[in-house]
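Novice: Read in order, the letters of the sequence shown correspond to residues 789 to 855 in our numbering.
Beta carbons are placed, not taken as given, at the ideal position from N, Cα and C, and that holds for glycine.
Note that the structure is predicted; figures quoted are calculated from it, not measured.
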Amino acid sequence: YRVAYRNGHGGIVERDTDDPTTLLHELTSEALARGERLEDLTVTRPTLEDVYLELTAGAPPEDGSDE
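1) Please list the terminal residues of the continuous beta strand (DSSP E) segment that includes R794.
2) In the DSSP output, which residue or residues are listed as bridge partners for V831?
3) Taking only three categories from DSSP, how would you classify R825?
4) Taking 7 Å as the limit between beta carbons, can you name the residues of its chain near E827, skipping five residues before and five after?
5) With respect to the beta strand (DSSP E) encompassing E850, which residues constitute its N-terminal and C-terminal limits?
6) Quick check on D838: does DSSP put it in helix, strand or coil?
7) May I have the straight-line CA-CA distance separating D807 from E814, to the nearest angstrom?
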């Protein structure tokens, strides 16, 4: 999962996690303690393409050579 939000300086923060519930709890607790809002908060699941690209990143080419 990817959790994204706008920080207090207007920048977008993106964090990847296997457990969005725990991460959201941490983020909202910290924001409440600071008296801030989490602007533009989104949670997205990785697409099949995202997973494929992550799995194949840095993989050697499959051209049959043993180099």
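Specialist: Looking at the atomic coordinates:
1) Numbered from 1 along the sequence shown, position 6 holds the residue referred to as residue 794. Where R794 is concerned, the enclosing beta strand (DSSP E) stretches over 790-794.
2) If you number the sequence shown from 1, residue 831 lands on position 43. DSSP, once it has assigned bridges, lists V791 as partnering V831.
3) Numbered from 1 along the sequence shown, position 37 holds the residue referred to as residue 825. Coil at R825, not helix or strand.
4) As a working mapping, residue 827 is identified with position 39 in the sequence shown. Excluding residues within five positions, the ones whose Cβ falls inside 7 Å are Y793, R794.
5) Counted from its first residue, the sequence shown places residue 850 at position 62. Element bounds for E850: n/a, residue is neither H nor E.
6) Locating residue 838 in the sequence shown gives position 50, where the first residue counts as 1. Here D838 sits in helix by DSSP.
7) Residue numbering aside, residue 807 sits at position 19 when the sequence shown is read from its first letter. Residue numbering aside, residue 814 sits at position 26 when the sequence shown is read from its first letter. Spanning the two alpha carbons is a distance of roughly 11 Å.
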